[in-house]
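Undergrad: Input: one structure, supplied below.
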Amino acid sequence: MSALEPTTPAAEKRAGWAWRPYALTLPALVLLAAVIGYPLLTIVLRSLSEPQWGVQNYAWFFGAPVNLAVLQRTFSISAWVTLVCVVCAYPYAYLMTAVGPRVRLVLVLCVLIPFWVSGVVRTLSWVILLQDSGVINSLLRSAGFTGIRLIRTQTGVVIGMAQVLLPFMILPLYSVMKGIDLRLVQAARSLGARPSRAFFTVYLPLSLPGVYAGAIIVFILALGFYITPALLGGPRSTMLSTLVQTQVLSLLQWGRGGAMGVVLLVTTFLLLALAAPVMRSRHREAGRR
Amino acid sequence: MNPRSDNRGAAIDLETVSKAYGAFKALDGVSLRIEPGEFMTLLGPSGSGKTTTLNVIAGFTDVTNGKLLVGGNSVVGVPAHKRNIGVVFQHYALFPHMTVGRNVAYPLTLRGFDQAKRKARVAEALDMVKMGDFAHRYPSELSGGQQQRVALARAIVFDPPLLLMDEPLGALDKKLREWLQLEIKRIHRELGTTFVYVTHDQEEALVLSDRIAVFNRGRIEQVGTGRQLYDEPATLFVGRFIGDSTVLRGEARHDGTSTALSIAGETVTAPRRIAGEANPVMLLRPEKLAICRPGSDAAGANRLSGTIAEAIYLGSGSKYDVKLADGSVAIVRSPLTGESFGLGEKVELCFDGTDAKLLADDSTADATLT
Amino acid sequence: MEMKPLTRVILGLVCLLVAIWLVAPTLVVVPMSFNGNKSLAFPPQGFSWQWYQNFVTNPEWSTSFLNSLKVASIVALLATVLGTLAAFGLDRMKARPASLLRMLMLTPMVVPGVVLAIGIYAVYLDAQLVGTLAGFVLAHTILALPFVLIAVSANLEVFDKRLETAAASVGAGALTTFRTVTLPLILPGILSGLLFAFATSFDEIIVSLFITNPYLRTLPVQIFSSITRDADPTVAAVGTILLCATTILIGGGMLLLGRERKGRL
Chain C
1 MSALEPTTPA AEKRAGWAWR PYALTLPALV LLAAVIGYPL LTIVLRSLSE
51 PQWGVQNYAW FFGAPVNLAV LQRTFSISAW VTLVCVVCAY PYAYLMTAVG
101 PRVRLVLVLC VLIPFWVSGV VRTLSWVILL QDSGVINSLL RSAGFTGIRL
151 IRTQTGVVIG MAQVLLPFMI LPLYSVMKGI DLRLVQAARS LGARPSRAFF
201 TVYLPLSLPG VYAGAIIVFI LALGFYITPA LLGGPRSTML STLVQTQVLS
251 LLQWGRGGAM GVVLLVTTFL LLALAAPVMR SRHREAGRR
Chain B
1001 MNPRSDNRGA AIDLETVSKA YGAFKALDGV SLRIEPGEFM TLLGPSGSGK
1051 TTTLNVIAGF TDVTNGKLLV GGNSVVGVPA HKRNIGVVFQ HYALFPHMTV
1101 GRNVAYPLTL RGFDQAKRKA RVAEALDMVK MGDFAHRYPS ELSGGQQQRV
1151 ALARAIVFDP PLLLMDEPLG ALDKKLREWL QLEIKRIHRE LGTTFVYVTH
1201 DQEEALVLSD RIAVFNRGRI EQVGTGRQLY DEPATLFVGR FIGDSTVLRG
1251 EARHDGTSTA LSIAGETVTA PRRIAGEANP VMLLRPEKLA ICRPGSDAAG
1301 ANRLSGTIAE AIYLGSGSKY DVKLADGSVA IVRSPLTGES FGLGEKVELC
1351 FDGTDAKLLA DDSTADATLT
Chain E
2001 MEMKPLTRVI LGLVCLLVAI WLVAPTLVVV PMSFNGNKSL AFPPQGFSWQ
2051 WYQNFVTNPE WSTSFLNSLK VASIVALLAT VLGTLAAFGL DRMKARPASL
2101 LRMLMLTPMV VPGVVLAIGI YAVYLDAQLV GTLAGFVLAH TILALPFVLI
2151 AVSANLEVFD KRLETAAASV GAGALTTFRT VTLPLILPGI LSGLLFAFAT
2201 SFDEIIVSLF ITNPYLRTLP VQIFSSITRD ADPTVAAVGT ILLCATTILI
2251 GGGMLLLGRE RKGRL
């Protein structure tokens, strides 16, 4: 093989390659612009232009106490869900790092199994579990207690949503905890810290990036929840998404529905923007293996 | 391609090759001729341009300026995969999804060899590196040394006229490294291919090479055999990079055929080499220095007083650090048969002026070393 | 970290409860699907296969199931191709534009479902895409794209680009290198992206609820409207079938993967 014949200069070729990465992303970007960018723009425009140009839809939204109550409820339900997720996910994720590979596999499977069934079916399961003639009430009654009302209450909504969102809390927490150098805890112990003190002064601070990351994801996803509150909630646990849907599909109020959508969208991105620098700087902290 | 019959190896000519990254000159007018079948080592500290030179020859980096000929043909602009040059990487670069056998067969598949021929050549190459029994293993099941031997087999299996090796033993422990050095030497002898070897380990360079090119700051300081570099370093940098050395600095006075250096009141002389070294220093190898008790009339015309700062027993002899009056430290290696000296003992450093090499002081080179 | 025995027991109990909480709702559909009565009340009365029968024979259910399969298959292919291309592009770009474009392409994950749904619905009304296969495919593809991007990017990140240099050094051109070295090594990422894309589309409900019409209805939409309309245990039967199918798929995949890994050791 006489392979050493000169061809075009490599430098020339290199220049021709520079645009290629951008070309590769182009199809995805075009689709993104058409199916996300354009629709979102449409919604923003409609919120400002229907029935006539102006901010009347936003004035209406922030002027009506009913709407503000729903907005506040959306935030408080999301906050409760996030809290429940943190409290339940922290010990679970910690246990995942502490056990052997076999038990860890079981624990991971338990986190992933909920993804195996369709989200709608999962919400149906919660209806079956929580309803007045459901599993939980049947068990309570057979144990001699009186039944409690769970379905169509905020508690029911929080229980259902937290279960759906728990994996989004456990997985980032686990990935951070897995990276914590346990020798640091040993070091704290050797310096005279009690186990609980070593935990609160060393382990907990090092695991906080995972808590932040998980909490932000859970809170943002909870804000936009639609199916679970629609099926598990009642009129007294309506969340913003349901209100948007009602305005658009039932009342054909594109302007008002759009304005609510924009509020939801802006809140989401604002939270993301606020959280991003915190999460990034936390991730650079020492103590990682 | 009929490599088995014609396996002389290719010559390489670099003519004033430069490579710039913005303002930084990775290579600054490097010229080097490598003879067919030669084992040439590119030696230098990190960032000196030796790896860039290798990448230029391999075709992974294109040159900013200059000519590059392999086997007499210019290869500037030829993409790497068309150069037909074998490369062994420090990080092995074995394909993790292929067995050892398929890794080695890969270059042959690309060249359209039929199955039977491929099998024979793979077996031959693996036997050459003594990995014949491992053809069905995956790279992840091999140790570092084994992986590197497979990488070597993959680089020679298609009989390239030129083999490039980029610190191939850098990731291995000392014992393994020494053994593989001998293996590489043997393979070079058996193949007759031109080898270009990059390392920062001067001992490795001395063991392996026919000739060594010493790189510093994007330039070649000196090219020569190991003995030439050790005995006749062209620059202070080369003298200090290859082997242990003692550098004496002082007020210089040129006097006909000799140069005198006055160091903290004492004077030593050496034959003048080249005219006009503005600021010469003396470079001395440890075995050319001797330690004498003050007042004794041992050999060596030059004497400097000092104290023993460190004494190390080496088995075959002893190594002493002698602190001189100006604060600098001289390294002395003395045979076991000689006298022994204790720490803190006042001694004199003796040497023959003809053993001292006068070199221009290049303190910037020192900065690179430390 | 060392723990007192009591702490250990409490930790174990809490985690057991969390695990039950995670898994139980997945399994509760199984007994309900064999209910003898048309009711979702617990405990189920009697035993019958009628809801499975209903799923197969009732065109409302079987058609929507087939629709979902069709949409999800096309989406999986489309999103995998687009996402893989984009992941490659981002991987070979300079860091700054790459991180910007990556953020842009991940937005479908964080935009609230209903906001996206009304936006797409508004545009589809104008473009007459409501209730069409193309409409479903486009919307689901953009929602599935981030998952493919993440899966393939993760694989590209650990892919040792020096192997491409090594391939070039033994004579492989750019295309051959891609085919014989790069592609086989990132295939796991591409395949998991494909799986994620399929699942995303198969499971998508919010946007689908808006862009559906009686002519084209996907399975989640059918399930949703069934739950809101009456207590039809066919839903439980569907849930059980899906659960079994996924278990078989994932179990089979894990067995295959385990065997391959063992073969290499």
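Chains as they are written, first to last, in the numbering used here: chain C, 1 to 289; chain B, 1001 to 1370; chain E, 2001 to 2265. Using N, Cα and C, we set each Cβ at its ideal position, and we do this for glycine too.
Would you list, in chain order, the members of the segment 2166 to 2183 of chain E that have their beta-carbon closer than 9 Å to a beta-carbon of chain B?
TA: Result list: A2166, A2167, A2168, S2169, V2170, G2171, A2172, G2173, A2174, T2176, T2177, T2180 and V2181.
Undergrad: How about T1370 (chain B): is its C-beta nearer than 9 Å to some C-beta of chain E?
TA: Stepping through the second sequence from its first residue, residue 1370 (chain B) is reached at position 370. Unreliable placement is indicated for T1370 (chain B), whose pLDDT of 36 sits below 50; no coordinate value is reported for it.
Undergrad: Could you run through the segment 130 to 158 of chain C and flag, in chain order, every residue whose CB is less than 7 Å away from some CB of chain E?
TA: Those residues of the segment 130 to 158 of chain C that come within reach of chain E (Cβ to Cβ, closer than 7 Å) are S133, G134, V135 and S138.
Undergrad: Quick one, which of B:A1330, B:G1170 and B:P1161 has its alpha-carbon nearest I1057 (chain B)'s?
TA: Taking the second sequence and counting its residues from 1, the one referred to as residue 1057 (chain B) is at position 57. Checking every option, the nearest Cα to that of I1057 (chain B) belongs to B:P1161.
Undergrad: Hey, which unbroken runs of the alpha helix (DSSP H) at 4 residues or more fall wholly within the segment 2107 to 2176 of chain E?
TA: Listed in chain order, the complete alpha helix (DSSP H) runs (minimum 4 residues) inside the segment 2107 to 2176 of chain E are 2113 to 2127, 2133 to 2158 and 2162 to 2169.
Undergrad: Quick check on L1369 (chain B): does DSSP put it in helix, strand or coil?
TA: Within the second sequence, numbered from 1, the residue matching residue 1369 (chain B) stands at position 369. Legend: pLDDT at L1369 (chain B) = 42, less than 50; position of this residue unreliable, no value from coordinates given.
Undergrad: Taking Cβ positions only, does V2152 (chain E) come closer than 9 Å to chain C?
TA: In the third sequence, residue 2152 (chain E) corresponds to position 152, counting from 1. So, not an interface residue.
Undergrad: Please classify Y2215 (chain E) as buried or exposed, where buried requires at least 16 neighbouring CB atoms within 10 angstroms.
TA: Here residue 2215 (chain E) refers to the residue found at position 215 when the third sequence is read from its first residue. Exposed, because fewer than 16 other Cβ atoms sit within 10 Å of the Cβ of Y2215 (chain E).
Undergrad: What residues match up with I1308 (chain B) in a beta bridge as DSSP calls it?
TA: For the purposes of this step, residue 1308 (chain B) is identified with residue 308 of the second sequence, where counting begins at 1. DSSP output for I1308 (chain B) lists B:V1322 as bridge partner(s).
Undergrad: Interface residues of chain E around L1110 (chain B) at Cβ under 8 Å?
TA: The residue given as residue 1110 (chain B) occupies position 110 in the second sequence. Simply V2170, G2171, A2172 and T2176.
Undergrad: How big is the Cα-Cα spacing for E1190 (chain B) and H1254 (chain B)?
TA: Taking the second sequence and counting its residues from 1, one reaches residue 1190 (chain B) at position 190. Taking the second sequence and counting its residues from 1, one reaches residue 1254 (chain B) at position 254. Distance between the alpha carbons of E1190 (chain B) and H1254 (chain B) is about 52 Å.
Undergrad: State yes or no: is the C-beta of W116 (chain C) within less than 9 Å of the C-beta of T2026 (chain E)?
TA: As a first step, residue 116 (chain C) is located in the first sequence; it is residue number 116 there, counting from the start. As a first step, residue 2026 (chain E) is located in the third sequence; it is residue number 26 there, counting from the start. Cβ distance < 9 Å, so W116 (chain C) and T2026 (chain E) count as in contact.
Undergrad: Between H1121 (chain B) and chain E, is any beta-carbon pair separated by less than 9 Å?
TA: On the second sequence, position 121 is the one that residue 1121 (chain B) refers to. It is Arg, not His, that sits at residue 1121 (chain B) in the sequence shown. For R1121 (chain B), the answer is no, since every Cβ of chain E falls outside 9 Å of its Cβ.
Undergrad: Spatial neighbours of G1009 (chain B) within its chain, please: C-beta separation below 7 Å, excluding the five flanking residues on both sides.
TA: Here residue 1009 (chain B) is taken as the residue at index 9 of the second sequence, counted from 1. Only P1036, G1037, P1161, L1162, G1192, T1193 and T1194 meet the Cβ criterion.
Undergrad: Show which residues of chain C have a CB atom less than 7 Å away from the CB atom of P2108 (chain E).
TA: In the third sequence, the residue the question calls residue 2108 (chain E) occupies position 108. Correct list: I36.
Undergrad: Quick one: is L2185 (chain E) near chain B, going by C-beta distance under 9 Å?
TA: On the third sequence, position 185 is the one that residue 2185 (chain E) refers to. Chain B, which has a Cβ nearer than 9 Å to the Cβ of L2185 (chain E), makes this yes.
Undergrad: By the criterion of Cβ-Cβ separation under 8 Å, what are the contact partners of G2026 (chain E) in chain C?
TA: For the purposes of this step, residue 2026 (chain E) is identified with residue 26 of the third sequence, where counting begins at 1. It is Thr, not Gly, that sits at residue 2026 (chain E) in the sequence shown. Per Cβ cutoff of 8 Å: I113, P114, W116, V117, R122 and S125.
Undergrad: Along the chain, where does the beta strand (DSSP E) that runs through L1126 (chain B) open and close?
TA: Along the second sequence, read from residue 1 onward, the residue named residue 1126 (chain B) stands at position 126. Taken as a continuous stretch (DSSP letters only), L1126 (chain B) belongs to no beta strand (DSSP E), being part of the alpha helix (DSSP H) at Q1115 to M1128.
Undergrad: Between L2249 (chain E) and the rest of its own chain, which residues show a CB-CB distance below 8 Å, the 5 nearest in sequence each way excluded?
TA: Mapped onto the third sequence, residue 2249 (chain E) falls at position 249. Within the same chain, L2249 (chain E) has no close Cβ partners at all.
Undergrad: Assuming contact is defined by CB atoms lying nearer than 9 Å, are V2205 (chain E) and V120 (chain C) in contact in what I supplied?
TA: Locating residue 2205 (chain E) in the third sequence gives position 205, where the first residue counts as 1. Locating residue 120 (chain C) in the first sequence gives position 120, where the first residue counts as 1. The sequence as given places Ile at residue 2205 (chain E); Val does not occur at that position. Cβ distance < 9 Å, so I2205 (chain E) and V120 (chain C) count as in contact.
Undergrad: Kindly indicate if chain E contains any beta-carbon less than 9 Å away from that of V1223 (chain B).
TA: Indexing the second sequence from 1 puts residue 1223 (chain B) at position 223. For V1223 (chain B), the answer is no, since every Cβ of chain E falls outside 9 Å of its Cβ.
Undergrad: Can you list, in chain order, the residues of its chain whose CB lies under 6 Å from that of L1029 (chain B), leaving out five sequence neighbours each side?
TA: Taking the first residue of the second sequence as 1, we reach residue 1029 (chain B) at position 29. For the sequence presented, residue 1029 (chain B) should be read as Gly rather than Leu. These residues qualify, in order along the chain: T1016 and S1018.
Undergrad: Label K2004 (chain E) either buried or exposed according to how many other C-beta atoms from any shown protein chain fall within 10 Å of its C-beta, with 16 as the threshold for buried.
TA: Taking the first residue of the third sequence as 1, we reach residue 2004 (chain E) at position 4. It is exposed - the Cβ of K2004 (chain E) has fewer than 16 other Cβ atoms within 10 Å.
Undergrad: Which same chain residues end up closer than 8 Å to A1080 (chain B) when comparing Cβ atoms and leaving out the 5 residues on each side of it in sequence?
TA: On the second sequence, position 80 is the one that residue 1080 (chain B) refers to. A1058, G1059 and F1060.
Undergrad: Which residue from E:L2191, E:G2171 and E:A2144 puts its Cα closest to that of L2072 (chain E)?
TA: Indexing the third sequence from 1 puts residue 2072 (chain E) at position 72. According to the sequence as given, residue 2072 (chain E) is Ala; it is not Leu. When each option's Cα is compared against that of A2072 (chain E), the closest is E:A2144.
Undergrad: Taking 9 Å as the threshold (beta carbon to beta carbon), is Y2162 (chain E) in contact with chain B?
TA: As a first step, residue 2162 (chain E) must be located in the third sequence, where it is residue number 162. Per the sequence shown, the amino acid found at residue 2162 (chain E) is Arg instead of Tyr. At least one chain B Cβ lies under 9 Å of R2162 (chain E).
Undergrad: Cutting at 6 Å between CB atoms, please list the residues of its own chain near F219 (chain C), excluding the five before and the five after it.
TA: To locate residue 219 (chain C), count along the first sequence from 1; it is residue 219. The residues are S78 and T82.
Undergrad: Which of the three DSSP states is assigned to E994 (chain B) in this structure?
TA: Past the edges of chain B, shown from 1001 to 1370, lies residue 994 (chain B), and the structure says nothing about it.
Undergrad: Closer than 7 Å, Cβ to Cβ, to anything on chain C: give me those residues from the segment 2201 to 2230 of chain E, in chain order.
TA: Flagged, chain order: D2203, I2205, I2206, P2220, I2223, F2224 and I2227.
Undergrad: By DSSP's criteria, S76 (chain C) is part of a beta bridge. Which residues make up the other side?
TA: To locate residue 76 (chain C), count along the first sequence from 1; it is residue 76. Bridge partners of S76 (chain C): none, in fact.
Undergrad: Out of E:P2031, E:L2078 and E:P2097, which has the shortest C-alpha to C-alpha gap to W19 (chain C)?
TA: Counting from 1 along the first sequence, the entry for residue 19 (chain C) is found at position 19. Of E:P2031, E:L2078 and E:P2097, the residue nearest in Cα terms is E:P2097.
Undergrad: Got a sec: is the Cβ-Cβ distance from L2265 (chain E) to anything in chain B below 9 Å?
TA: Mapped onto the third sequence, residue 2265 (chain E) falls at position 265. Per-residue confidence for L2265 (chain E) stands at a pLDDT of 41, beneath the threshold of 50, marking its modelled position as unreliable; no derived number is given.
Undergrad: For a test of the three-state rule: what should DSSP assign to N2213 (chain E), helix, strand or coil?
TA: By 1-based counting over the third sequence, the position of residue 2213 (chain E) is 213. In the structure shown, N2213 (chain E) sits in a strand (DSSP, three-state: E or B).
Undergrad: According to DSSP, what are the bridge partners of T1194 (chain B)?
TA: Taking the first residue of the second sequence as position 1, residue 1194 (chain B) is located at position 194. Per DSSP, B:L1162.
Undergrad: Let me know if D1127 (chain B) comes out buried or exposed under the rule of 16 or more other beta-carbons within 10 Å of its beta-carbon.
TA: As a working note, residue 1127 (chain B) is residue 127 in the second sequence. D1127 (chain B) is exposed by the Cβ-count criterion.
Undergrad: Spell out whether any CB of chain E is found under 9 Å from the CB atom of H1081 (chain B).
TA: Numbered from its first residue, the second sequence carries residue 1081 (chain B) at position 81. It does: the Cβ of H1081 (chain B) has a partner Cβ on chain E nearer than 9 Å.
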